[in-house]
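Each remark here refers to the structure printed beneath this line.
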């Protein structure tokens, strides 16, 4: 994430040559895809503890799209 932040900072300054900007942009896209993939993999591993109607605790897969 730190490298992605550095890339954004450099691109926002606007003092790079076009070729350098394109290289950084491409690197940023690759990093973004990698980070999204890692986030998706991590989300699949996360489970929530839920108490059922009988008061028993069970684990269920985390699904943030339900909310």
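Numbering (the working numbering), first residue to last: 3 to 69. From the three backbone atoms N, C-alpha and C, an ideal C-beta is built for every residue, glycine too.
Grab the span of the beta strand (DSSP E) containing residue i for me, first residue to last.
{"i": "residue 62", "result": "59-63"}
Apply the 10 Å Cβ neighbour rule to residue i and answer buried if 16 or more other Cβ atoms are within range, or exposed otherwise.
{"i": "residue 9", "result": "buried"}
{"i": "residue 69", "result": "Residue placement at residue 69 is poorly supported in this model, since its pLDDT is 47, which falls under 50; the coordinates still yield a value, given next. So residue 69 ends up on the exposed side."}
Which residue marks the beginning of the alpha helix (DSSP H) containing residue i, and which one marks its end?
{"i": "residue 51", "result": "Residue 51 -> not in any alpha helix (DSSP H); beta strand (DSSP E) instead, spanning 49-53."}
For residue i, name the three-state secondary structure that DSSP assigns.
{"i": "residue 3", "result": "coil"}
{"i": "residue 22", "result": "helix"}
{"i": "residue 56", "result": "coil"}
{"i": "residue 16", "result": "coil"}
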